[in-house]
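In the numbering used here, each residue carries its 1-based index in the sequence shown increased by 17. Even for Gly, the Cβ is constructed at its ideal location relative to N, Cα and C. Here is the structure we will look at, set down as structure tokens.
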Amino acid sequence: MKLVVLNAGGKTRTLWQTDKEIVVNKETTSYPIFGVKDVNLIKEKLTVNGVKVDNIIMDDHKKYFTFYDPGGNIFEVCEPLNHK
18 MKLVVLNAGG
28 KTRTLWQTDK
38 EIVVNKETTS
48 YPIFGVKDVN
58 LIKEKLTVNG
68 VKVDNIIMDD
78 HKKYFTFYDP
88 GGNIFEVCEP
98 LNHK
């Protein structure tokens, strides 16, 4: 197995290469979350480009939705709501 660790100002990302089969864990509760300023715009851009996206959910603090890459891996896009 080969590893590369990227350090982006205290937050790290690890990439690895392996000869073993990699399968999607659809039962995971841990996945990348992207913070954005406009959830609606990002969802529209992903949808137009054929990406599978779920509905936007809104609670008291954020708007968010999940989307999937071609391998079925899950990602989330989140927009914090500013309360005045």
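Residue nearest to residue i in terms of C-alpha spacing, selected from the options
| i | options | result |
| --- | --- | --- |
| F82 | T29, I50, L23 and G89 | I50 |
| N90 | L32, L63, K37 and K69 | K69 |
| Q34 | L20, E44 and E61 | L20 |
| I59 | Y48, S47 and I73 | I73 |
| N66 | T46, V40 and F84 | F84 |
Close beta carbons around residue i, own chain, < 6 Å, minus the five adjacent residues each side
| i | result |
| --- | --- |
| T29 | V22 |
| L86 | Residue identity differs from the one stated: residue 86 is Asp in this sequence, not Leu. Once the five neighbours on either side are set aside, D86 has no close Cβ partner at all. |
Bridge partners - residue i, DSSP secondary structure assignment
| i | result |
| --- | --- |
| V94 | F51 and F82 |
| N99 | N99 pairs with nothing; no bridge assigned. |
| N24 | T29 |
Nearest-angstrom beta carbon gap, residue j and residue i [assumed within contact, 8 Å]
| i | j | result |
| --- | --- | --- |
| L63 | H78 | L63 to H78, Cβ: 22 Å. No contact. |
For residue j and residue i, the rounded distance between their alpha carbons
| i | j | result |
| --- | --- | --- |
| E93 | L32 | 19 Å |
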